[in-house]
Structure formats: C-alpha cells, structure tokens
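K.L.:
I'd like to ask some things about the structure below.
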Amino acid sequence: MSKSLPSRSENYSEWYNELVKRADLAENSAVRGCMIIKPYGYSIWEKMQRALDDMFKETGHTNAYFPLFIPKSFLSKEASHVEGFAKECAVVTHYRLKNDPNGGGVIVDPDAKLEEELIVRPTSETVIWSTYKNWIQSYRDLPLLINQWANVVRWEMRTRLFLRTAEFLWQEGHTAHATKQEAIDETEQMLEVYADFAENFMAMPVVKGIKTANERFAGADETYCIEALMQDGKALQAGTSHFLGQNFAKAFDVKFLSKENQLDYVWGTSWGVSTRLMGALIMAHSDDQGLVLPPKLAPIQVVIVPIYKGEEQLNAIKEKVNPLVKSLRKQGVSVKFDVSENQSPGFKFAEYELKGVPIRLAIGNRDMENGTIELARRDTREKTSMAFEGIEQVVVDTLADIQEKIYAKALAFRTENTHVVNTWDEFNAKLDAGGFVSAHWDGTSETEDKIKDLTKATIRCIPLDAKEETGQCILTGNPSNKRVLFARAY
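Using my numbering, you'd call the opening residue of the sequence shown number 771 and step up by one each time.
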C-alpha cells in the first residue's frame, strides 16, 4: 500500500497491469496466458453479469448451456468460420494418461487417441447450430432465443489480464428466426442492449457501428459493434452483435416449415461480451490513485471508517452508525462498516481509494460531539463535513451524481479526442496524438489493409449515425460518401 502506482502519463501499460494486481482484481495463473480472477474482481464481473442477464431476459431470451468440446468436423462445415479461428484453437487429441514406466510421472497414453479430435470451444456457433437442427422443425419453433454464460479458449500468444487471455469468461447469444428482417432486428436490438449497459451501468460512452468486411466476424454477413475510447487514446471493442444470415443454417442443414408450408433455412444471429469489459471499465475511468468505479457496478458502494481511541469510543460510534448501515442497505446500497482493528484509518482510506469505492464516510469522536460525518467522493476526491442527520439521502443522491459525473467526464474526453480530418498528413498527426479519427475511406479492403500497414490503425467501425457526404479517401483520393472511424486499438 505504501508504494504508489505508476503514472498513467509516464507508462500507461505498467499503470494498468499494476492496478489490476494491486486492486486485487486478477493475477496471472500457473498456466501461461490464463488468469485467476480474484474475489473482488469477480464480484464486479458478477454485477455486470446480473445486469446483462436481466436485460437479456427482458428481451425474451433464456439461458442454456452447451458443451465445452466441439468435434473438429463441425468447424470444417463453415469455411470462413474455421479459417477465422483455426490459428487460435486448442485441440484435444487423447483421453487418458498413464504412469510412465520409466518413472517420469504421468504421460499421455498413446493407445488413448481420440478417433476425432475435439476443439476446446473458441465460440459456440457450430455446436449450437448442430443442436438447433434437432430443435427446429417448423415456424412454431421460432424465434429461438438462447444465451449461454460460459468460458472460451483462444490460444493467444501475447496476453494481458482481462484484455486478452487464452481463456476468458463471456456470454454468447445464439438466435434463430423465420425471416431475414427478424434476424436483422434481433442483431440491432442486442447492439442497443450492449450500448445501454455500457453507458448506463459502466458509465462508458460508446460509438455504435458496423464493422468492415475485413473486421467482420468469421461466418457472419454483418457485424455490429460498440467501440469505446480509453484514456490513453486507444480504442477498445466492447461488444459485438452478428447477423449470420443463413450461413450456419446451411452448413448444418437447419430448415423449418413455414406458414406457407414451404421448407426453408432459418436466419441466425450471435452476439457476445466478455471479461474484456473489466479491462474497459478500468481504463475508461481510473486514475493514478487507483480504480474509479461507477456506483452501479461497485461491489462496495459505501465504506464507513470509524476513527477512535479505545473501545468506549468505538462502541459509541457503532451505536450511532449501525442504524445508518441498516437504513442504507434497505435502500439497496451496499455498505461496509469497517471496524477491523488490524489497520489504521489512513491505511483503510488508501485501500478503499485504490479499490474504487465510490463513497467513503469517516466518523470520529469530534464528529460524534458535533453531529457530523465526513463524506469523501472517489471520483473527485472531494471531502465534505456534513450533518449526520439525513446523511442517508445525501449518500443516495451522491451515488447517482457520481454515476452521471463519471459518464460525463468520459464523454467529454471522447469528444475532445475525436478528430475530423481530410488529408493524409492530418490523419497521421491526429493518430499520433491519440483518439478516434473520423476520415473518408474509399470502401476497398486493399486501401484498408494499406492504411493498417502504414499506421497500425484500423477502421473501428462505420458509425450507424454517419451522414452521407461527398469526400475523398485520405490515402487514395478516390471518392467516398461517408466517414469511418479509425483508431489504434487494443
């Protein structure tokens, strides 16, 4: 606790890595590229999960669970899908170990080779659509609106806690529909759900858009996304929603009998967010003192720290504060009254600041005499002495204000760091400064690839609210009718 965090301005990457560890969110595991999510980090993920799950169920979805292992032949059925994931797949080839006769511990039993290798789930389209073939026969079985909470494995070589790990947690929705328009409507609806969650729970403004063909999900006809801007000026893809067309239905022969008594392939979608949102939450709001958490996702929204000498003063404070704790909890506020004796108040202040607790209340003997209590906000670090009487409502109102202010600050940062450019020189200068760069592009994959090679920037999305306007591609000078959003990204 005595050692301060690295500065964001001096070394953003080191600041992030240290904050994740020191705030007890996660740590590296004994398995290379994998992470252990610690209780405090997992409790934030649980709050995310609970909010999203409620939103999914409000839109008619139900949860199910599908196998972790996928037969290799399944991945071969949708050509672009297997091509997109082939390099990231972990493969199970044997099903048994045995003792090494030479005394070398356990070894793979060569006689236990699987007839067909199994892929450890990188995403579940194939295994789910093979199941849907048995579940869907007629229009009466549609729409089928399924979500699962699961873990997936993508064998990443360069990893970073929460942002990119070999195994991570996520949810993946997979839906089937009778018409193309219904599937498109579902894809767009789930994008709105993600944007709503990002902005109203994470307090993180996002740009809603469509991915280019180069950046599209493998096996999709169209990929919608939400893109957020981190404090170092890099973009982060925070969620995706895919219109799959009939690609997986055709690959797995999923047909239905329509109301007109005609047999046709169903239309599909898939959509997901992952523990990468934890990385986004950290990088969007936190400062050099530690985490800054939006109250809606903070495991502890209010901590109360007593300042006392001797048991008599502590007992008096407890008698005063315990009814306050009960009252706040009745109003749905998560409160911790920290009466532990093994750490000083100063240590506790620093710890809860590091962990991003939105409000800290401190009360000592003088406060007891004066009928006051000190309230400290984590977002602004302002401290105010106020009347103890009526503090419950002040706390509730302050939590709402913190949620709004954190979002407003992040939105102002994004606005200040979104640049509209018209020339190649401007483009490069603004990219180097960091942030989103709005520019014209001629619509070709070749130009997109060349810009990426030259600048390491990618087209994050074609914003859904992009206006039609006549322009010239910043690289080729060819005609363009719409601006797209570029950035260097995680």
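By construction, the Cβ of each residue, glycine as well, lies at the ideal position given by its N, Cα and C atoms.
All values derive from a computational prediction rather than experimental measurement.
Anyone know if the C-beta pair for residue 719 and residue 1012 falls short of 8 Å?
P.N.:
Outside the shown range of the chain (771 to 1260) lies residue 719, about which nothing can therefore be said.
K.L.:
Which residues does DSSP pair with residue 1035 in a beta bridge?
P.N.:
Your numbering for residue 1035 matches position 265 in the sequence shown. For residue 1035, which the question treats as bridged, DSSP gives the partners 1025.
K.L.:
What's the gap between the Cα of residue 937 and the Cα of residue 1086?
P.N.:
Within the sequence shown, the letter at position 167 stands for residue 937. Within the sequence shown, the letter at position 316 stands for residue 1086. Their backbone Cα atoms lie some 50 Å apart in a straight line.
K.L.:
Looking only at its chain, what residues have a beta carbon closer than 7 Å to the beta carbon of residue 887, apart from the 5 residues adjacent to it on each side?
P.N.:
The sequence position of residue 887 within the sequence shown is 117, counting from 1. Cβ within range, chain order: 842, 861, 862, 863.
K.L.:
From the DSSP secondary-structure annotation, give me the bridge partner or partners of residue 868.
P.N.:
Residue 868 sits at position 98 when you count from the first residue of the sequence shown. Answer is 877, bridged to residue 868.
K.L.:
Around the C-beta of residue 780, are 16 or more other C-beta atoms found within 10 angstroms, so that it is buried, or is it exposed?
P.N.:
Numbered from its first residue, the sequence shown carries residue 780 at position 10. Flag for residue 780 reads exposed.
K.L.:
Expressed to the nearest angstrom, what Euclidean distance is found between the alpha-carbon atoms of residue 815 and residue 856?
P.N.:
Residue numbering aside, residue 815 sits at position 45 when the sequence shown is read from its first letter. Residue numbering aside, residue 856 sits at position 86 when the sequence shown is read from its first letter. Taking the straight line from one Cα to the other gives about 29 Å.
K.L.:
What residue range does the alpha helix (DSSP H) around residue 1097 cover?
P.N.:
The residue you call residue 1097 lines up with position 327 of the sequence shown. Per DSSP, residue 1097 belongs to the alpha helix (DSSP H) from 1080-1100.
K.L.:
CA-CA distance, residue 969 and residue 954?
P.N.:
Looking up residue 969 in the sequence shown gives position 199. Looking up residue 954 in the sequence shown gives position 184. Cα-Cα distance, rounded: 23 Å.
K.L.:
Apart from the five residues just before and just after residue 1000, which ones in its own chain have a Cβ nearer than 8 Å to its Cβ?
P.N.:
Taking the first residue of the sequence shown as 1, we reach residue 1000 at position 230. Excluding positions up to five away in sequence, the list reads 1006, 1050, 1053, 1054, 1260.
K.L.:
For a quick check, are the C-beta atoms of residue 940 and residue 923 less than 8 Å apart?
P.N.:
Start at 1 with the first residue of the sequence shown, and residue 940 comes out as number 170. Start at 1 with the first residue of the sequence shown, and residue 923 comes out as number 153. No, Cβ-Cβ distance for residue 940 and residue 923 is not below 8 Å.
K.L.:
Mind checking who residue 831 pairs with in its DSSP beta bridge?
P.N.:
As a first step, residue 831 is located in the sequence shown; it is residue number 61 there, counting from the start. None, per the DSSP bridge assignment.
K.L.:
Determine, using beta carbons only, whether residue 1009 and residue 1043 come nearer to each other than 8 Å.
P.N.:
Here residue 1009 is taken as the residue at index 239 of the sequence shown, counted from 1. Here residue 1043 is taken as the residue at index 273 of the sequence shown, counted from 1. Yes; because the gap between Cβ atoms is below 8 Å, this pair is in contact.
K.L.:
Look at the alpha carbon of residue 1224 and the alpha carbon of residue 959, and state the distance between them as a whole number of angstroms.
P.N.:
Here the question's residue 1224 lines up with position 454 in the sequence shown. Here the question's residue 959 lines up with position 189 in the sequence shown. The straight-line gap from Cα to Cα measures roughly 36 Å.
K.L.:
Quick one: what does DSSP say residue 1215 is sitting in, helix, strand or coil?
P.N.:
Locating residue 1215 in the sequence shown gives position 445, where the first residue counts as 1. Residue 1215: helix per DSSP, three-state reduction.
K.L.:
At what residue ranges does the region 990-1019 contain a whole run of the beta strand (DSSP E), taking only runs of 3 or more?
P.N.:
Listed in chain order, the complete beta strand (DSSP E) runs (minimum 3 residues) inside the region 990-1019 are 992-999, 1005-1015.
K.L.:
What residues match up with residue 1231 in a beta bridge as DSSP calls it?
P.N.:
Counting from one through the sequence shown, the residue named residue 1231 turns up at place 461. DSSP, once it has assigned bridges, lists 1255 as partnering residue 1231.
K.L.:
Taking contact to mean at least 3 C-beta pairs separated by less than 8 Å, is the region 1226-1244 in contact with the region 1189-1207?
P.N.:
These segments touch.
K.L.:
Give me, in chain order, the residues of the same chain whose beta-carbon lies closer than 6 Å to that of residue 944; leave out the 5 immediate sequence neighbours on both sides.
P.N.:
Locating residue 944 in the sequence shown gives position 174, counting from the first residue. Answer for residue 944: 898, 916, 1040, listed in chain order.
K.L.:
With distances taken Cα to Cα, identify the nearest neighbour of residue 994 among 1234, 1083, 1187.
P.N.:
Here residue 994 corresponds to residue number 224 of the sequence shown, with the count starting at 1. Of the listed residues, the one whose Cα sits closest to residue 994 is 1234.
K.L.:
Helix, strand or coil for residue 776? Go by DSSP, reduced to three states.
P.N.:
Along the sequence shown, one-based indexing puts residue 776 at 6. If DSSP states are grouped into helix, strand and coil, residue 776 belongs with coil.
K.L.:
If you pair each beta-carbon of the region 1020-1029 with each one of the region 1106-1122, do three or more pairs fall below 8 Å?
P.N.:
The answer is no - the region 1106-1122 does not touch the region 1020-1029, with fewer than three Cβ pairs under 8 Å.
K.L.:
According to DSSP, is residue 1248 part of a helix, a strand, or is it coil?
P.N.:
The residue given as residue 1248 occupies position 478 in the sequence shown. Three-state DSSP puts residue 1248 in coil, outside helix and strand.
K.L.:
Should residue 1190 go down as buried or exposed, given a rule of 16 or more other Cβ atoms within 10 Å for buried?
P.N.:
The residue you call residue 1190 lines up with position 420 of the sequence shown. Residue 1190 should be labelled exposed.
K.L.:
In angstroms, rounded to a whole number, what distance separates the CA positions of residue 858 and residue 1187?
P.N.:
Counted from its first residue, the sequence shown places residue 858 at position 88. Counted from its first residue, the sequence shown places residue 1187 at position 417. Computed Cα separation, rounded: 34 Å.
K.L.:
Would you tell me roughly how many angstroms separate the C-alpha atoms of residue 1032 and residue 833, rounded to the nearest one?
P.N.:
Residue 1032 sits at position 262 when you count from the first residue of the sequence shown. Residue 833 sits at position 63 when you count from the first residue of the sequence shown. Cα to Cα, the separation comes out at about 30 Å.
K.L.:
Mind checking residue 806: buried by the 16 CB within 10 Å criterion, or exposed?
P.N.:
For this step, residue 806 is matched to residue 36 along the sequence shown. Classification of residue 806: exposed, given that the 10 Å Cβ count is below 16.
K.L.:
Here's the rule: buried if 16 or more other CB atoms are within 10 angstroms of the residue's CB, otherwise exposed. What is residue 927?
P.N.:
Stepping through the sequence shown from its first residue, residue 927 is reached at position 157. Label assigned to residue 927: exposed.
K.L.:
Count the C-beta pairs between the region 1135-1155 and the region 1170-1187 that are closer than 8 Å, then say yes if the count reaches three, no if not.
P.N.:
In short, these stretches touch, since the Cβ pair count reaches three.
K.L.:
Taking only runs of the beta strand (DSSP E) that begin and end inside the region 921-950, which ones reach a length of at least 3 residues, in chain order?
P.N.:
The region 921-950 contains these whole beta strand (DSSP E) runs: 937-947.
K.L.:
Is DSSP giving residue 841 helix, strand or coil here?
P.N.:
Here residue 841 refers to the residue found at position 71 when the sequence shown is read from its first residue. Three-state result, residue 841: strand.
K.L.:
Which residue from 1231, 1232, 1163, 1154 puts its Cα closest to that of residue 1103?
P.N.:
The residue labelled residue 1103 in the question sits at position 333 within the sequence shown. Considering only alpha carbons, the answer is 1163.
K.L.:
Residue 1070 and residue 1106: beta carbons closer than 8 Å?
P.N.:
If you number the sequence shown from 1, residue 1070 lands on position 300. If you number the sequence shown from 1, residue 1106 lands on position 336. Result yes, Cβ atoms of residue 1070 and residue 1106 sit closer than 8 Å.
K.L.:
Using beta-carbon positions only, say whether residue 909 and residue 946 come within less than 8 Å of one another.
P.N.:
The sequence position of residue 909 within the sequence shown is 139, counting from 1. The sequence position of residue 946 within the sequence shown is 176, counting from 1. The answer is no: Cβ separation not under 8 Å.
K.L.:
Ordered along the chain, which non-local residues of its own chain (more than five positions away) have a Cβ less than 7 Å from that of residue 844?
P.N.:
Position 74 of the sequence shown, counted from the first residue, corresponds to residue 844. Correct list, in chain order: 896, 897, 900.
K.L.:
Counting only the same chain and skipping the five closest in sequence on each side, list residues whose C-beta sits under 6 Å from that of residue 929.
P.N.:
As a working mapping, residue 929 is identified with position 159 in the sequence shown. Cβ within range, chain order: 803, 935.
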